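**Student:** Following this message is one structure expressed as structure tokens.
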Amino acid sequence: MNSQQLIILGNKLKEWFFLLKSDPEAFVELRKLLLGVLACAAILYGGSTLLLAPQKMVLQQKLAQKIEVESTAPAQLGKVLAAQVSQLETEQKGLREQTETLALQIRLIEENWQLMTDREQFSKTLFTLHANAPINMENHLQQMSQLEDRSLNGFTLNSVTLAGEVPFPLLYKYLQYIEGRPEIGIIEDLSVLRLTNAGYDQQAKVKFSMVVGRTTLDKP
1023 MNSQQLIILG NKLKEWFFLL KSDPEAFVEL RKLLLGVLAC AAILYGGSTL LLAPQKMVLQ
1083 QKLAQKIEVE STAPAQLGKV LAAQVSQLET EQKGLREQTE TLALQIRLIE ENWQLMTDRE
1143 QFSKTLFTLH ANAPINMENH LQQMSQLEDR SLNGFTLNSV TLAGEVPFPL LYKYLQYIEG
1203 RPEIGIIEDL SVLRLTNAGY DQQAKVKFSM VVGRTTLDKP
């Protein structure tokens, strides 16, 4: 727009102003219109400042958080998964070691059990042939008969019937001895009778019988 056009526009505005000034009613209406426009502009500015600006700021913050989460989530998730995998591997290794230890202990127990419940060791205990036996019953045992094997909860019970004549104190020591031996699994059906020709003192001979057995592990 050149200077001549500005002059023409200025003259036109002056003519409108003088016309409005000469018409008070039109001037009042124009003033009301201008005040309404200014009020609307103020309301729009206030609404934009008080309502739209905070919402826009919150939206920008959320967008920034979203971008940050999207950029860091894969790395953090990878770290968490790696830590969980490492923990599982450690636990699996520990369980494997515990299983191997238990298997070794079971094997040792089975081997020791087989040694302790060996038939030869069992017989030596019954006849008091071990060096640490406190008594000697070899000449007092009169009968030993094998009974039928019995199975119970993964074990086999090999038992015999013993019978003989012996002074009562000796029988008492014998029972204490075999009861404490690991080769002996059971002692049952004990019967003790005083011999008719024996005296009534503590050294009197008695006739006894009982069932003694050893337990062995059943093979899988």
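The sequence shown begins at 1023 in the numbering used here and counts up by one.
Yeah, the Cβ is synthetic: ideal placement off N, Cα and C, and Gly gets one too.
Predicted model, so just to flag it, every value in this text is computed and none were measured.
Measure the Cβ-Cβ separation of Thr1237 and Phe1177 and say whether it is below 9 angstroms.
**Tutor:** Here residue 1237 refers to the residue found at position 215 when the sequence shown is read from its first residue. Here residue 1177 refers to the residue found at position 155 when the sequence shown is read from its first residue. Yes, these two residues count as a Cβ contact at 9 angstroms.
**Student:** Counting only runs that start and end within the region 1161 to 1221, where is the beta strand (DSSP E) found for 3 or more residues in a row?
**Tutor:** As far as the region 1161 to 1221 is concerned, its whole beta strand (DSSP E) runs of at least 3 residues are 1163 to 1168, 1172 to 1174, 1177 to 1189 and 1208 to 1216.
**Student:** Can you give me the C-alpha to C-alpha distance between Ser1213 and Arg1172, rounded to a whole angstrom?
**Tutor:** The count along the sequence shown starts at 1 and reaches residue 1213 at position 191. The count along the sequence shown starts at 1 and reaches residue 1172 at position 150. About 22 angstroms.
**Student:** How long is the line joining the alpha carbons of Thr1150 and Ser1108, rounded to whole angstroms?
**Tutor:** To locate residue 1150, count along the sequence shown from 1; it is residue 128. To locate residue 1108, count along the sequence shown from 1; it is residue 86. Near 59 angstroms, if we compare the C-alpha coordinates of Ser1108 and Thr1150.
**Student:** I'd like the span of the alpha helix (DSSP H) that includes Thr1147, first residue to last.
**Tutor:** Indexing the sequence shown from 1 puts residue 1147 at position 125. First-last of the alpha helix (DSSP H) with Thr1147: Arg1141 to Leu1148.
**Student:** State the DSSP-derived secondary structure class of Met1232, mapped to helix, strand or coil.
**Tutor:** In the sequence shown, counting from the first residue as 1, residue 1232 sits at position 210. The answer is strand: DSSP assigns Met1232 an E or B state.
**Student:** What do you reckon, are the CB atoms on Leu1169 and Phe1230 nearer than 9 angstroms?
**Tutor:** The residue given as residue 1169 occupies position 147 in the sequence shown. The residue given as residue 1230 occupies position 208 in the sequence shown. No, Cβ-Cβ distance for Leu1169 and Phe1230 is not below 9 angstroms.
**Student:** For the candidate residues Ile1206, Met1079, Tyr1196 and Leu1103, whose alpha-carbon lies nearest to that of Ala1155?
**Tutor:** The residue labelled residue 1155 in the question sits at position 133 within the sequence shown. Ala1155 has its Cα closest to that of Tyr1196, out of Ile1206, Met1079, Tyr1196 and Leu1103.
**Student:** Tell me the rounded alpha-carbon separation between Gln1165 and Asn1175.
**Tutor:** Within the sequence shown, the letter at position 143 stands for residue 1165. Within the sequence shown, the letter at position 153 stands for residue 1175. About 30 angstroms.
**Student:** Measuring straight from C-alpha to C-alpha, what distance separates Leu1217 and Gln1225?
**Tutor:** Counting from 1 along the sequence shown, the entry for residue 1217 is found at position 195. Counting from 1 along the sequence shown, the entry for residue 1225 is found at position 203. Each residue's Cα considered, the two are about 12 angstroms apart.
**Student:** My guess is that Val1228 and Val1188 are in contact by the Cβ rule of under 8 angstroms, so how many angstroms apart are they, rounded?
**Tutor:** Numbered from 1 along the sequence shown, position 206 holds the residue referred to as residue 1228. Numbered from 1 along the sequence shown, position 166 holds the residue referred to as residue 1188. Indeed, because the Cβ distance is near 7 angstroms, the residues count as touching under 8 angstroms.
**Student:** Assign Ile1206 to one of two classes, buried (16 or more other C-beta atoms within 10 Å of its C-beta) or exposed (fewer than that).
**Tutor:** If you number the sequence shown from 1, residue 1206 lands on position 184. Ile1206 comes out buried.
**Student:** How big is the Cα-Cα spacing for Ser1167 and Gly1202?
**Tutor:** Counting from 1 along the sequence shown, the entry for residue 1167 is found at position 145. Counting from 1 along the sequence shown, the entry for residue 1202 is found at position 180. Between Ser1167 and Gly1202, the C-alpha separation is close to 22 angstroms.
**Student:** List the DSSP bridge partners of Thr1238.
**Tutor:** If you number the sequence shown from 1, residue 1238 lands on position 216. Partner(s): Thr1178.
**Student:** Apart from the five residues just before and just after Ile1157, which ones in its own chain have a Cβ nearer than 7 angstroms to its Cβ?
**Tutor:** Counting from 1 along the sequence shown, the entry for residue 1157 is found at position 135. Same-chain partners within the cutoff: Thr1150, Leu1192, Lys1195, Tyr1196 and Tyr1199.
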